[in-house]
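Single-structure report; data block below.
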Amino acid sequence: MSTIKFTKDHEWIRVEGDVATVGISDYAQKQLGDVVFVELPEIGRNVVAGKEAAVVESVKAASEVYAPVAGDVVEVNEALADDPSLVNRDPMGEGWFVKLRLENQSDLDDLMDEAAYQEYCEGLS
């Protein structure tokens, strides 16, 4: 079973077992504009919930991608090095950033489901 949750910083996380895939939302990629570079962490690095896990640069700005949960990086999306525009074309699919081995499932409790996130984004407009 797969569960998708969102942060107020516009990251999404899809959990399957004890591995979580992390990326930025469609809302975030639209705010950034054309993504031109992505800096990913090293495999094995431990990330802390709410702290920087990656960096995304667009024609408008550079932005941190924060880890929605704590965990160890088990995989990074190597395709983004050659084609960072994947983040714009498919932010919730092929444009993912990292996969983390979850340290604590309870980290997910503070995140929004899709309906709550949509409502949050509507409040930002």
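Residue numbering for the sequence shown follows UniProt numbering, starting at 1 and increasing by one per position.
Backbone N, C-alpha and C define an ideal beta-carbon position, used for all residues, glycine too.
For this session: Report the three-state DSSP secondary structure of Ser25 (helix, strand or coil).
Result: coil
Exercise. Is Arg89 helix, strand or coil when you go by DSSP?
Worked result: helix
Exercise. Beta strand (DSSP E) containing Glu78: first to last residue?
Worked result: No beta strand (DSSP E) holds Glu78; DSSP gives it neither H nor E.
Exercise. How many Å lie between Gln31 and Glu78 at the Cα?
Worked result: 23 Å
Exercise. What do you reckon, are the CB atoms on Pro84 and Trp12 nearer than 9 Å?
Worked result: no
For this session: To the nearest angstrom, report how far apart Val76 and Leu124 are at their CA atoms.
Result: 30 Å
Problem set entry | Alpha carbon of Pro91 to alpha carbon of Phe6, nearest angstrom | 13 Å
Exercise. Any chance the stretch 105-124 sits against the stretch 57-65, with 3 or more Cβ pairs inside 8 Å?
Worked result: no
For this session: Please work out which residues of its chain come closer than 7 Å, Cβ to Cβ, to Arg89, disregarding the five sequence neighbours upstream and downstream, and give them in chain order.
Result: Contacts found: Gly95.
Problem set entry | Beta-bridge pairing of Thr7 - partner residues as DSSP gives them | None, per the DSSP bridge assignment.
Problem set entry | Cα-Cα separation, Met1 to Val19 | Its pLDDT being 44, under 50, Met1 is placed unreliably by the model, and the measurement read from it follows with that caveat. So the alpha carbons of these two residues sit roughly 12 Å apart.
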